[in-house]
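Novice: Handing you this structure, nothing more for now.
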Amino acid sequence: MAFSSRTLPSHLRQGSTSSNPGAQSTGQSPALVARVNEKKAELENLKELRDLSAAVANQMEALEQKLATLSDGTEAIATVVGNWHNVLRAINMASAKIPSPQNADETQPKAQEDSLPLPQTLVRIPTEHAPALQAQAEGVMESEQNSSIVS
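Just add 134 to wherever you are in the sequence shown, counting from 1, and you've got our numbering.
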């Protein structure tokens, strides 16, 4: 809103101020005071809007960081899911190479004969811990033997 830059003639300025003695003491007209108060209220509202906008901006930055983390996790999950077909194919190939158990015992119940024979379980043991695991297994076996001898 633009204000006019025209100045009032001096006889009009003096007449308006002399007709309102309260305005002479404060130096401002009631309309101008009301406008100043309105502008102060507008300034307060703008300050509040600035603070709220800053809070929204901070929340958006936090959301951006969370979405970046979620995106990274999603990429990792997509990689794992993408590799499942390779894992399943390797298991299938490995189980096909394992010889199926022979039915040497003819004394098996009829229910087991009707079911399909299951392939042997694939287990991978890390070799770096093999000596420690073997020593631990031997210790457990010895303790079991000692407890069975005692009882």
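Each residue gets a CB set at the ideal place from its N, CA and C atoms; glycine is no exception.
Source: prediction; values computed, not measured.
#1: From Q158 to P164, what does the alpha carbon distance come to, in whole angstroms?
#2: Look up S163 in the DSSP assignment and say whether it is helix, strand or coil.
#3: For G149, count neighbouring C-beta atoms within 10 Å of its own C-beta (all shown protein chains included) and say buried if the count is 16 or more, exposed if not.
#4: Measure the alpha-carbon distance for A224 versus G273 and round it to whole angstroms.
Specialist: So, to answer that:
#1: Low confidence applies here, because Q158 scores a pLDDT of 46, under 50, leaving its location unreliable; read the following figure in that light. So the two alpha carbons sit approximately 11 Å from each other.
#2: Note: S163 maps to coil in three-state DSSP.
#3: Model confidence at G149 stands at a pLDDT of 47, short of 50, so the residue's coordinates are unreliable; what they give is reported in the following sentence. So G149 ends up on the exposed side.
#4: If I take the Cα positions, the gap works out to 35 Å.
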